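A quick write-up on the structure given underneath.
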Amino acid sequence: MQAVYNKENKTVEVLIGFKKMDDSAVIGPDGNKTAYWSESYRKVKNLYQDATGKKVTTTKLWNDYSKLRGKLKKQNASLGLKASASVAGYLEFSCGSGKPVFSKGGIVTEMKTGADYTFHWNPPFSAVYTRIGVGVDSAGNLELKYNNAKQFVFSGSLAINGTLEGAIGIGSKRGGTYAEGTLTGKMNSKLKFPVASLEDSLEVTGNLTAKINIAVLNYDLTEDNLKHDFGDYQFYPAQSKAKMRSIQKRAKSVIDESEMTLTDRSYLKDTENSIQAYALDGTFEKENCFPNSAPQLISFTNGKKLLIWNDDNPEKDKKNNVAIYYCVYDGQSWGEPKLLEDGGCLCGSVSAVENNGKVNIVFSRSNGQVYAEDTLDDTLRQMDLYTAEFDGENFSFPDKLKTEEDYMGSGNTNSVYEMMYSVGGNEDQLCYAWVENTENSYFLSEGSNSIYRVEDVGGGVVDKESIRYTTDTVSDFVMSKDGRYMAWKETSSDDDIGKIYVSTGSGDVKSISTDEEFSNLKIADGQLFATKEDGICYWDLATRKEEGECSLNLSDYEVVKNGDSYIIVYRQVDESGKQTLWMVKGSESNWGESVQISDDNSYIRSMSISLDEEGNVMAAQNLLDVTKDGVQFDKGTLKVDTLDSYADLICGEYLAYDSDKIVPDGNADFAFSVLNNSQKEMNSFEAVIKDEKENVLYSGEVSENIASGEEKECTVTAHLPASIQKTKVTLTVTPSYHEADTTNNSCSTTYGYANIQIANVEQKENNQVAVTMKNTGYEAITGLSIAFYLNSEEDTPIYTGEGSALAVGETVIKTYTIPENVLEGEEGTASLICVVTPKEEEQETADNTGYLEFSWNKTKPVNPGKPNPDDSKKDDNTDKPNPDDSKKDDTTDKPKPDDSKKDDNTDKPNDISNRQIKVNSIQIAGISKQIAQGKKVTLKAAVYPNTATNKRIIWTSSNPKVATVNANGVVTVKKKTGGKKVTITATATDGSRVSASWKVTSMKGIVKKVKITGAKTVKAGKSLKLKANVTATKKANKKLQWTSSNTKYATVNAKGVVKTKKTAKGKAIKITAMATDGSGKKATFKIKVK
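Rendered as structure tokens:
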């Protein structure tokens, strides 16, 4: 955690960014000591997305987080962090009243409550992602202290009370069952800082209520058990095991079979129980359907699609109500839904695979009709696996898969409930696999578990094969589409992490070595995907070696292969429990930006994804309503859609321009970025720029090909009004399609700032200094202050004063008197630096500084027309003023001033060959004095006279915290120093004390791009003018250096005017315009001379 106190605004900005890492994070005066912040950028971004369901780039929280993090790197405080939980946030407090009061911001936390609270199944809760809303109330003891580094630091404690809302998953998708819900309540977080660890800083307590829905087949939990009150509980730091056991004893931890009742069929009474199909875009929608349905969507190569789902058959009774339906899309329209023959029996969910144009399915079905008096356990014992095949038009009559025969020799029939069943196929071979539990525990946490596999080769079923027997909990069982591989996770009672196993079906079971907790296993194209704390990783199933990682922290997702890359589709949960679908493309460690592809304003109970013939993602979803009371688990809406109708064009945060181009009635380029947040590729969009008076500066179509998830920088040329004044301008972008979210389509900037320039600094009589100031901007200056420094701006000013108002274009000369008491010694000479600061905000500050070689003599008036003697040329061993050793009469009896430089081997002291020729001047040259922060430039020093005996120099910096310089004159400007100034000095080493200085200003902005336009041909002996457009961020040095590749044939001046010579006929010359801010950006333009 770090804090910045803004004295002008009287606010305190606090950044919180804890994350579990192997190293501590240390923020010191020289920047990062570890990779903490670079790694946490990705982790905190993913955390925020998972917590809020929002795109990070569109949220103020993330903008403020990034903004503040940049400020923190400049602080001289040092803070070490070693955390074991995840907290990220941005808070701002107003201190105007003398007591900090919460102003804005928020905290995002990530906690795992699985080790803290346990029901009777294992494992309990999966990750709980929450957003804690701040701003309702905050209290605590906050102090601002002034430390030794002359920086304000924030200390004390802060109590934050807010609401917590999020989604939880409990054993989700275990054995075809569901256990999921929402978590609500109050969270109380207390933060203390500065600290050495998160455990010392953060304390999180809460009074929370979980609303949980558990469903098995057509049974679910009764209403009385849907809610569970945790009571007061400390989530972080974790409570002791004794304390946890005490809490668990007070809570109901066992669910009775009697509490599981048949799902209420009230949704059948709704009159809108109809199917809506849209032929135009292939959309299929059915309202008021079975809430526990898990649809399957299959795409064929010819554009045909098959939808399979569970639904309530009104003609069957409550005990046998669930049936299997299917519907075919022929490329033009959806047909009529058909019912899979089931003999009036109860059906479970379906696993399907496409194989050579056919579809094979396996599903759970009762062997006979379930009777009214049968319990859930009775029903489970009657369930067996059945298979069927789709030939392109219809499904065959289901066949029972031979699982009932006892292969262990006891002769008993199989009354075990088969769970997590799956089917795979390759040419004429099919493979079926499933998990059995000896106690028919639908969460696979009691008794023992066995994994079985059956092959069907050419219609002949091979006896079932035992793959694995274990007393550990089995979860996440998956099979590859070709039936070759199976993978699952096992978790023992004393192991919170668990192990992942892989089998090829031949009895060869091997584990994947991991030291992290993984879940949500998926298989795509021979790769095993799984989620962990920091994202999704995947292994090659053949080698079991990790192949790649996608840094998205997801609780649920689907994956499909698309060409050489993968598409991951996942759900985002917002504070109300509603979910949206997002997708990301990539492979290995190269993944694009996530894009949103749906916004159905619902909770997504289950989904199945597929690709259409154009590579677009299609999804079949079972959607549940979300009200103020939370997710409603009583009915669902089945929807199939090609998710390309949701589209969102997001405008970036900056609108950059070249301030030199801001002239009345002129044209100026404005650069900005846009992100295509959709599945569609974009070819063009509309852009409009308006000022505060709604004057349109630009309006037109921008032609850019922007791929899905791609962010691109674009430029438009606006025409400025004839009269310019300071104004805010706003760019708005609009795509050619209907847009789902238009709140993120604009960015803005301001041009026409005031700009004060010090045109001249002159010393008058005695200690008077006349400063010539001019307002070269477009806004009147209402007042200004001026500060004078000796030799370095990093020191305290020796004198400060005020200045008068300046109208636009006005020039004024103001005289200031430097008090004698601030000047050391009776007389002296120093570099006087004056810095002027107007009350108005400026965009360019590089010309706010003036320099003067200032002399004073307290006993004798200083005549500025006759400057004081130059100490650099003074002989310290003589009373005579200004003797020049190089011109000294060698016949004098006076000793040489520097005996150490005398040639001891000669007795001819008056021989000119033995005389030392000292340096009398140094001249420094460089590309510019305005260098972008974080960049380098090389300075060259010329030493005179050329005959000087010792021409070696030493380079020094007045403030190494701003810029350093090495022995070769390479100046490195430090990052995050924008606006600061530093003096680079080259000093002779021959004792002459001659030196020269180069004043460098660190610029906040930087040049991003240089582009040259103009005629490409010219007649020999003629001239032409080239135009250079510079794209840069705010407060950058945009001056260019023009050069010619061959000055024998053509020269170019500082304004881009190229002058060719008559001898250049038939030649080609390259003209280069290079940025002088150290960015290295340049453009080359080829001219042909005719």
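One point on numbering: in UniProt numbering, the residue at position 940 of the sequence shown is 940, and numbering is uninterrupted. Glycine included, every Cβ here is placed at the ideal spot set by N, Cα and C. These figures come from a predicted structure and were not determined experimentally.
C-alpha distance - Ser589 paired with Tyr851, whole-angstrom precision | By one-based count along the sequence shown, residue 589 stands at place 589. By one-based count along the sequence shown, residue 851 stands at place 851. One C-alpha to the other measures close to 53 Å.
In the DSSP assignment, find the unbroken alpha helix (DSSP H) run with Leu430 in it and report its ends.
-> By one-based count along the sequence shown, residue 430 stands at place 430. Premise fails: Leu430 lies in the beta strand (DSSP E), 429–437, not in any alpha helix (DSSP H).
CA-CA distance, Cys714 and Ala388?
-> Walking along the sequence shown from the start, residue 714 turns up at place 714. Walking along the sequence shown from the start, residue 388 turns up at place 388. Spanning the two alpha carbons is a distance of roughly 55 Å.
Alpha carbon to alpha carbon, how far is Trp582 from Tyr48? Give it in angstroms, no decimals.
-> Reading the sequence shown from its first residue, position 48 is the one you call residue 48. Reading the sequence shown from its first residue, position 582 is the one you call residue 582. With a pLDDT of 45 at Tyr48, under the threshold of 50, the predicted position of this residue should be treated as unreliable, and no value is reported.
Provide the residue(s) that pair with Ile689 in DSSP beta bridges, ordered along the chain.
-> Walking along the sequence shown from the start, residue 689 turns up at place 689. According to DSSP, Ile689 bridges with Tyr698, Leu731.
Leu624 to Ser602 span [Cα, whole Å] | Position 624 of the sequence shown, counting from 1, holds the residue named residue 624. Position 602 of the sequence shown, counting from 1, holds the residue named residue 602. Roughly 6 Å between the two C-alpha positions.
Are three or more beta carbon pairs between the stretch 966–982 and the stretch 932–952 nearer than 8 Å?
-> yes
Within this structure, are the beta carbons of Gly709 and Glu853 separated by less than 8 Å?
-> In the sequence shown, residue 709 corresponds to position 709, counting from 1. In the sequence shown, residue 853 corresponds to position 853, counting from 1. For Gly709 and Glu853, no; Cβs fall outside 8 Å.
Comparing alpha-carbon positions, which option in Lys481, Leu649, Glu762, Val771 lies nearest Val423?
-> In the sequence shown, residue 423 corresponds to position 423, counting from 1. Looking at the Cα atoms, Lys481 is the closest of the given residues.
Roughly how many whole angstroms lie between the Cα atoms of Ser126 and Thr473?
-> Here residue 126 is taken as the residue at index 126 of the sequence shown, counted from 1. Here residue 473 is taken as the residue at index 473 of the sequence shown, counted from 1. Annotation note: pLDDT 27 at Ser126 (below 50); position unreliable, coordinate value reported separately. Computed Cα separation, rounded: 15 Å.
Using the Cα positions of Val769 and Asp741, report the straight-line distance between them to the nearest angstrom.
-> The residue given as residue 769 occupies position 769 in the sequence shown. The residue given as residue 741 occupies position 741 in the sequence shown. Going from the Cα of Val769 to the Cα of Asp741 covers about 59 Å.
Just list the beta strand (DSSP E) runs in the stretch 622–652, keeping only unbroken ones of 3 residues or longer that don't cross its boundaries, in chain order.
-> 636–642, 649–651
Residue range of the unbroken alpha helix (DSSP H) whose run includes Gln382 = The residue you call residue 382 lines up with position 382 of the sequence shown. Run containing Gln382: 376–382, per the alpha helix (DSSP H) assignment.
On the three-state DSSP scale, how would you describe Glu593?
-> Taking the sequence shown and counting its residues from 1, the one referred to as residue 593 is at position 593. Coil at Glu593, not helix or strand.
Closer than 6 Å by C-beta to Leu675: which residues in its own chain qualify, once you throw out the five before and the five after it? Chain order, please.
-> Locating residue 675 in the sequence shown gives position 675, where the first residue counts as 1. Ile650, Glu711, listed in sequence order.
So what's Lys1090 in DSSP terms, helix, strand or just coil?
-> Taking the first residue of the sequence shown as position 1, residue 1090 is located at position 1090. In this structure, Lys1090 counts as coil in the three-state DSSP scheme.
By a C-beta neighbour count over all protein chains shown, 10 Å radius and 16 as the cutoff for buried, is Val970 buried or exposed?
-> For the purposes of this step, residue 970 is taken as the residue at position 970 of the sequence shown. Exposed: under 16 other Cβ atoms inside 10 Å.
CB-CB under 8 Å to Phe685, same chain, minus the five flanking residues each way: which ones, in chain order?
-> By one-based count along the sequence shown, residue 685 stands at place 685. Cβ neighbours of Phe685 beyond the five flanking positions: Leu649, Val674, Glu701, Val702, Glu704, Val733, Thr734, Pro735, Ser736.
Would you mind stating whether Asp691 and Val729 have Cβ atoms separated by less than 8 Å?
-> By 1-based counting over the sequence shown, the position of residue 691 is 691. By 1-based counting over the sequence shown, the position of residue 729 is 729. It is a contact, given that the beta carbons lie within the stated cut-off.
Pick from Lys1022, Lys1009, Lys680, Val370 that is closest to Ala1073, judged by C-alpha positions = Numbered from its first residue, the sequence shown carries residue 1073 at position 1073. With distances taken between Cα atoms, Ala1073 lies closest to Lys1009.
May I ask you to report which of helix, strand or coil DSSP gives Ser450?
-> The residue you call residue 450 lines up with position 450 of the sequence shown. Strand at Ser450.
Segment contact, 8 Å Cβ cut-off, at least three pairs: the stretch 654–673 with the stretch 628–646 = no
Counterpart residues of Leu581 in DSSP-defined beta bridges | If you number the sequence shown from 1, residue 581 lands on position 581. Per DSSP, Arg571.
Looking at Lys1016 and Lys1086, is the spacing between their C-beta atoms short of 8 Å?
-> Reading the sequence shown from its first residue, position 1086 is the one you call residue 1086. Reading the sequence shown from its first residue, position 1016 is the one you call residue 1016. Yes, they are a contact pair.
Cβ pair Thr1043, Val1052 closer than 8 Å = Counting from 1 along the sequence shown, the entry for residue 1043 is found at position 1043. Counting from 1 along the sequence shown, the entry for residue 1052 is found at position 1052. Cβ atoms of Thr1043 and Val1052: closer than 8 Å.
Using the Cα positions of Leu307 and Asp317, report the straight-line distance between them to the nearest angstrom.
-> The residue you call residue 307 lines up with position 307 of the sequence shown. The residue you call residue 317 lines up with position 317 of the sequence shown. Cα to Cα, Leu307 sits roughly 25 Å from Asp317.
State the beta-bridge partners of residue 1145 as determined by DSSP.
-> A question about residue 1145 goes unanswered here, because the residues of the chain that appear run from 1 up to 1090.
Where does Lys661 fall in DSSP's three states?
-> Position 661 of the sequence shown, counted from the start, is the residue given in the question as residue 661. Correct three-state label for Lys661: helix.
Could you check how far apart the C-beta atoms of Cys834 and Ile758 are, in whole angstroms? I think they sit under 8 Å.
-> Reading the sequence shown from its first residue, position 834 is the one you call residue 834. Reading the sequence shown from its first residue, position 758 is the one you call residue 758. Contact holds; Cβ gap of about 7 Å.
Classify Ala1064 as helix, strand or coil using the three-state DSSP reduction.
-> Locating residue 1064 in the sequence shown gives position 1064, counting from the first residue. In the structure shown, Ala1064 sits in a helix (DSSP, three-state: H, G or I).
By the 10 Å Cβ neighbour count, where 16 or more other Cβ atoms means buried, how is Lys578 classified, buried or exposed?
-> On the sequence shown, position 578 is the one that residue 578 refers to. Lys578 should be labelled buried.
Would DSSP call Tyr267 helix, strand or coil?
-> For the purposes of this step, residue 267 is identified with residue 267 of the sequence shown, where counting begins at 1. Residue state, collapsed to three classes: helix.
Whole-angstrom distance between Lys1004 and Thr776, CA atom to CA atom | Here the question's residue 776 lines up with position 776 in the sequence shown. Here the question's residue 1004 lines up with position 1004 in the sequence shown. Whole-angstrom Cα-Cα distance: 20 Å.
Simplified DSSP state of Val822, which is helix, strand or coil | Along the sequence shown, one-based indexing puts residue 822 at 822. If DSSP states are grouped into helix, strand and coil, Val822 belongs with the helices.
Cβ pair count under 8 Å reaching 3, the stretch 336–353 against the stretch 361–374 | yes
Mapping DSSP to helix, strand and coil, what is Asn320?
-> For the purposes of this step, residue 320 is taken as residue 320 along the sequence shown, with counting starting at 1. Asn320: helix per DSSP, three-state reduction.
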